[in-house]
Structures are given as C-alpha cells and as structure tokens.
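*Asks:* Take this structure first; my questions come after.
Protein chains in written order, with full-length UniProt numbering: chain P, 1 to 218; chain Z, 1 to 304.
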C-alpha cells in the first residue's frame, strides 16, 4: 500500500478520460444533479409541511425511512428495472438526499420564534410575504445545514455509480479492488474524503454569505 | 409455571446434547473400508461444491469412506488445507490452479487444455497429484446475444474484428486491464470495442445488460446457465486467448489408490461443459439440494 497511484502525474492528465480530474468532474456532476433534483422535490414539501404544520408525521417518517434505505441495494433494483444508464444512479442518490433536506426544511420552519411571525402578521404582511421575508430567512441556517449534510452524504456515496459501469471516483475503488491495486483504492478513498471536505467548506462559505447578519451568533 | 417450563426445556436441551457425539470431534480414522478413506474439500462457490459432492458420492458408491469438508474458501486457503492434510481431495480448474502455483505467472503460449495440464504437473506441490482431466471447462468467454450473432454472422472471436468498433462490451472491471481481456483481444485478435462498460464479473448486471441490449458483447463464464436460458452465443476462441479451465481432481498421493482413481476417472469421463452447466443450473436456478443434483448426475450417467 503506497501513494504511488495518487502521485503519478499521468493519473492527473486531463486529456486521459480515466484520469483523476475527469473522475472528480463526473463525480461532482452526479452529486450536483442529485442535490438539485432532491432540493427541487424536498424543499417545497418540507417548507409547506413546516409552514402549515400539516403532515409533519409524513415528513418525519419519510425522512427516517429514506435514511434506512441502502443506496447500493436501491441502485441494483433500479438497474434491474430500468437498465443501465444515468437515471438509476440519479434516482438512488436523490432518495439519499431527500430526507436530510426535507427534515431540515421542516425543522427550520417549525423552530421559528413564533412571536416574530406573529409580529410580521400584525404588521399586515400577507402569507406569502411572511414566508419569503420572515420565515425563510430565519429558517435558512437550519435548512442549509441539512443541505450540507445531504451534500456530504452524496459526495461520499456517489462512488456507487462505478458499480454499474459509470464514472466518478468509485472507478478508482472498484477497478483497484478488481485488479488488487491497493494504491489505486487508497488514492480513490483519499480523493473522495478530500472532495467531501472541500464541498462542505464551499457550502459553509455560501452559508456565511447568504444568511442574514442579524441571525448570526444566535 | 414459567420456571417449570424453563427447567423442562433445559433438560430437553441437555438430553439432546447428550445423545449426539461432539459435532466438532474428528471422524474416526480410516475404518479399513475396501477403498480407503478420503476427505473431500471444496471452494466456497456452488459449482465447486457440486463437483465435490459428485466426487464424494462416486467414491462412496465404490466403497470408499468419505468425509466432507466443503465450502472452505478461496484457493489460498484450501490449498493450504490440502497441503497440511486436513483435506485430501478437491475439484480444481487446471488453468486457475496453474496460475496460483506459478509465482511468475503462466508461461507464454500455455493456454490450451493439454499444454496447461503438462505445465501444471511440473509445479504441483509435493505429495499431491492430479488425475485425468474432464472436458468440462469453466472459463472466460466472449458471449453475444443470438440477434447480434445472427446479424453479424459471428461464430468466433475472429469474426468480431470487423464489427467490434460498433459494439459495446461489458463484464468485470478487471477485464479492461488483464492480458486475458481487452489487452489480449487487441494483441491476439485485433479486436477493439467502441466502449467497455465495467460491470460485475459474470454476474446478473452483465447478464441483464446483454439481455436488454445495453451491451452487445459480454465477458461471461462458460458454465453460466444464463447462456443457455437466454440463447446467448459463446464465441469460439481458436487462438486460445483464454487459458483453459478444465475441471480436474487434485488429490494427496497418500489418499489415492486404484479404486479412487477409477471412480474419479469415470466421473471426469462423463463431465462436459454442457452437462455441468445444466446440473449447476438445477442448483443455482431451480434451488435444488446439491446432494440431490449430484445423485441425479451419477445415476443419469450410469455411475451411481
């Protein structure tokens, strides 16, 4: 076991389709797509449930059930049903990111200071204004922490794409294991871990930029 | 009341233990039966277990005393067990065994059944020997769907050369880098595919991808029953790119005698890739008991 695979410049040459930069790109591609689809589905549902208080039972249980689904098993099931391709991978990863986004959107809305919401209503704000100007900005820190949680999970789990013939950093793990090249497996593990940390730092920066200054330190 | 029930249950358990001998104790040593005694081992996959059970029952039919120690594990583990004498007979594959026993890899040009067997006999650990090999082989193949074969008139890997650039292949990830894979296909046959999808080695992903047309050429193993059930066509390998993998009994010399050799040679004489595939399918697809399938093999081939 050594770092030779990681340090070989040939494995960093972007003109080679199997090189580490290209694998990182496809890995980030799967991650971003899954997060996008997951957010489009989970955010409105989570906000609605949190805002109205209706169906919180569904939010909590869907969240818990979703977390306990093994992604690799779901992926194999989807491949059996749909055949090879990007779609089964996206479905499996989206199911992984929905629970943290949904439950954090719900929790963010439920844990608001209700006196502030009442005050906003008292000032004559319409429901839509209450949501967009008061509730959403105040729920943002919790919602974003759920999103970061989802991003971290999906970066680590997008390696499963390689199990069904796609790219991503899982190629290093799966191909390395198949030919007993542990240096390659180690390189894959290190790059995935580093990528997860970088993605989280990037999202932390975004969180710092978009959360209202008035909410910080609370 | 609860306490009484518990006490009775415990007493029953204890009696049950008492009536059986210690399950971990070794079988009594050779009891002077006519054909001696053999401990049959197997690797940890169904085909190896089926072959080991066929050997066992064939030996028992000739009056040899058999102890079964199946499902031992990977080759590294069961070869050690053979060398330390804890097992004395195993079903093996000539090519894979030769590769495991050759620290520098299989010599160049050794890939047909006969050359592999000759080379294997040179490197066997002392105190062990191989008996006659069967024609049954479980080896790497390139397999295509019936449609692809008919459309492109494919019978052998040589026929692939012209159409390969339009075809997508798939199989285990290791196939991309092995000599007995894409490298060798290019060197020996001049075959280069449009794309290779790394899936699972001989597993359900690859079979389904071939069935659904996601890939047109698959690296499957020759005794895979899905080849027959899906009417796939296995392409011939006239230049012997893939090392032969004939089923062959590997035995400790001390356990071998005329009765044992006779019984196992008779089995090897009847085993073919086709009948091994169909009996293995009874185990893997129809979920029949290995002992029942082994018995059927022997009686249907006049050996039981």
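Beta carbons are placed, not taken as given, at the ideal position from N, Cα and C, and that holds for glycine. Small disclaimer: the values here were computed from a predicted structure and weren't measured.
Would you say residue 174 (chain Z) reaches chain P, if we count a Cβ-Cβ gap shorter than 7 Å as a contact?
*Replies:* For the purposes of this step, residue 174 (chain Z) is identified with residue 174 of the second chain, where counting begins at 1. Chain P, which has a Cβ nearer than 7 Å to the Cβ of residue 174 (chain Z), makes this yes.
*Asks:* Check whether the segment 136-151 of chain P touches the segment 200-216 of chain P, counting contact only when three or more Cβ pairs, one atom from each stretch, lie closer than 8 Å.
*Replies:* yes
*Asks:* Starting from residue 176 (chain P), trace the alpha helix (DSSP H) in both directions and tell me its first and last residue.
*Replies:* Looking up residue 176 (chain P) in the first chain gives position 176. Here the alpha helix (DSSP H) through residue 176 (chain P) covers 170-178.
*Asks:* Closer than 8 Å by C-beta to residue 344 (chain Z): which residues in its own chain qualify, once you throw out the five before and the five after it? Chain order, please.
*Replies:* This structure gives no information on residue 344 (chain Z), because the portion of chain Z shown stretches from 1 to 304.
*Asks:* Could you tell me the boundaries of the beta strand (DSSP E) in which residue 182 (chain P) lies?
*Replies:* Residue 182 (chain P) sits at position 182 when you count from the first residue of the first chain. Careful: residue 182 (chain P) lies outside any beta strand (DSSP E), inside the alpha helix (DSSP H) at 182-210.
*Asks:* Listed in chain order, which residues of the segment 72-93 of chain P have Cβ atoms closer than 8 Å to some Cβ of chain Z?
*Replies:* 76, 79, 80, 83, 84, 85
*Asks:* Between Z:126, Z:108, Z:67, which lies nearest to residue 79 (chain Z) when the distance is taken from Cα to Cα?
*Replies:* For this step, residue 79 (chain Z) is matched to residue 79 along the second chain. Among Z:126, Z:108, Z:67, the Cα nearest to that of residue 79 (chain Z) is on Z:126.
*Asks:* For residue 145 (chain Z), which of helix, strand or coil comes out of DSSP?
*Replies:* What you label residue 145 (chain Z) is simply residue 145 of the second chain in a count that begins at 1. The answer is coil: DSSP assigns residue 145 (chain Z) none of H, G, I, E or B.
*Asks:* Please list the partners that residue 178 (chain P) has in chain Z, where partner means a Cβ-to-Cβ separation under 7 Å.
*Replies:* Here residue 178 (chain P) is taken as the residue at index 178 of the first chain, counted from 1. Per Cβ cutoff of 7 Å: 172, 173, 174.
*Asks:* Which residue's Cα is closest to the Cα of residue 196 (chain P): P:155, P:175, P:23, P:33?
*Replies:* As a first step, residue 196 (chain P) is located in the first chain; it is residue number 196 there, counting from the start. Scanning P:155, P:175, P:23, P:33 for the CA closest to the CA of residue 196 (chain P) turns up P:155.
*Asks:* Are residue 78 (chain P) and residue 62 (chain P) close, meaning C-beta to C-beta below 7 Å?
*Replies:* The count along the first chain starts at 1 and reaches residue 78 (chain P) at position 78. The count along the first chain starts at 1 and reaches residue 62 (chain P) at position 62. Not a contact, by the Cβ cut-off of 7 Å.
*Asks:* Residues in the same chain with beta-carbon distance under 6 Å from residue 231 (chain Z), minus the five sequence neighbours each way, listed in chain order, please.
*Replies:* Counting from 1 along the second chain, the entry for residue 231 (chain Z) is found at position 231. So the qualifying residues of the chain are 146.
*Asks:* How far does the beta strand (DSSP E) with residue 219 (chain Z) in it reach, from first residue to last?
*Replies:* Position 219 of the second chain holds residue 219 (chain Z). Start and end: 217-221.
*Asks:* Got a sec: does the ligand HEM put a non-hydrogen atom nearer than 6 Å to the Cβ of residue 271 (chain Z)?
*Replies:* The ligand content of the structure shown is nil, which means the ligand HEM is not present either.
*Asks:* Just the Cα atoms here: how many angstroms apart are residue 33 (chain Z) and residue 259 (chain Z)?
*Replies:* By 1-based counting over the second chain, the position of residue 33 (chain Z) is 33. By 1-based counting over the second chain, the position of residue 259 (chain Z) is 259. With a pLDDT of 46 at residue 33 (chain Z), under the threshold of 50, the modelled position of that residue is not reliable, and no figure is offered here.
*Asks:* So, does the CB of residue 140 (chain Z) fall closer than 7 Å to a CB anywhere in chain P?
*Replies:* Along the second chain, one-based indexing puts residue 140 (chain Z) at 140. No, because no Cβ of chain P sits closer than 7 Å to the Cβ of residue 140 (chain Z).
*Asks:* Does any residue of chain Z have a CB that is nearer than 7 Å to the CB of residue 5 (chain P)?
*Replies:* By 1-based counting over the first chain, the position of residue 5 (chain P) is 5. Not closer than 7 Å to any Cβ of chain Z, the Cβ of residue 5 (chain P) fails to qualify, so no.
*Asks:* Under the three-state reduction of DSSP, which class applies to residue 268 (chain Z): helix, strand or coil?
*Replies:* Position 268 of the second chain, counting from 1, holds the residue named residue 268 (chain Z). In the structure shown, residue 268 (chain Z) sits in a helix (DSSP, three-state: H, G or I).
*Asks:* Could you run through the segment 187-206 of chain Z and flag, in chain order, every residue whose CB is less than 7 Å away from some CB of chain P?
*Replies:* The segment 187-206 of chain Z vs chain P, Cβ under 7 Å: 197, 198, 199, 205.
*Asks:* Under a three-way DSSP split, which group does residue 255 (chain Z) fall into?
*Replies:* Along the second chain, one-based indexing puts residue 255 (chain Z) at 255. Helix, per DSSP.
*Asks:* Helix, strand or coil: how does DSSP classify residue 241 (chain Z) here?
*Replies:* Residue mapping note: residue 241 (chain Z) aligns to position 241 of the second chain, counting from 1. Residue 241 (chain Z) falls in the coil class under three-state DSSP.
*Asks:* So, with DSSP's three-state summary, where would you put residue 68 (chain Z)?
*Replies:* Reading the second chain from its first residue, position 68 is the one you call residue 68 (chain Z). DSSP places residue 68 (chain Z) in strand when its eight states are reduced to three.
*Asks:* Would you call the segment 39-55 of chain P and the segment 91-108 of chain P touching, i.e. three or more CB-CB distances under 8 Å?
*Replies:* Taking 8 Å as the limit for Cβ pairs, the verdict is that the segment 91-108 of chain P does touch the segment 39-55 of chain P.
*Asks:* Using beta-carbon positions only, say whether residue 170 (chain Z) and residue 229 (chain Z) come within less than 7 Å of one another.
*Replies:* Taking the second chain and counting its residues from 1, one reaches residue 170 (chain Z) at position 170. Taking the second chain and counting its residues from 1, one reaches residue 229 (chain Z) at position 229. For residue 170 (chain Z) and residue 229 (chain Z), no; Cβs fall outside 7 Å.
*Asks:* With a threshold of 8 Å, are at least 3 pairs of Cβ atoms found where one atom belongs to the segment 197-206 of chain Z and the other to the segment 251-266 of chain Z?
*Replies:* no
*Asks:* Have a look at residue 18 (chain P) and residue 117 (chain P) and give me their C-alpha separation to the nearest angstrom.
*Replies:* As a position in the first chain, residue 18 (chain P) is number 18, starting the count at 1. As a position in the first chain, residue 117 (chain P) is number 117, starting the count at 1. In a straight line, the C-alpha of residue 18 (chain P) is about 53 Å away from that of residue 117 (chain P).
*Asks:* Would you say residue 60 (chain P) reaches chain Z, if we count a Cβ-Cβ gap shorter than 7 Å as a contact?
*Replies:* Position 60 of the first chain, counted from the start, is the residue given in the question as residue 60 (chain P). By this cut-off, residue 60 (chain P) is not an interface position.
*Asks:* When DSSP labels each residue in this structure, what does residue 106 (chain Z) get in the three-state scheme?
*Replies:* For the purposes of this step, residue 106 (chain Z) is taken as the residue at position 106 of the second chain. Coil at residue 106 (chain Z), not helix or strand.
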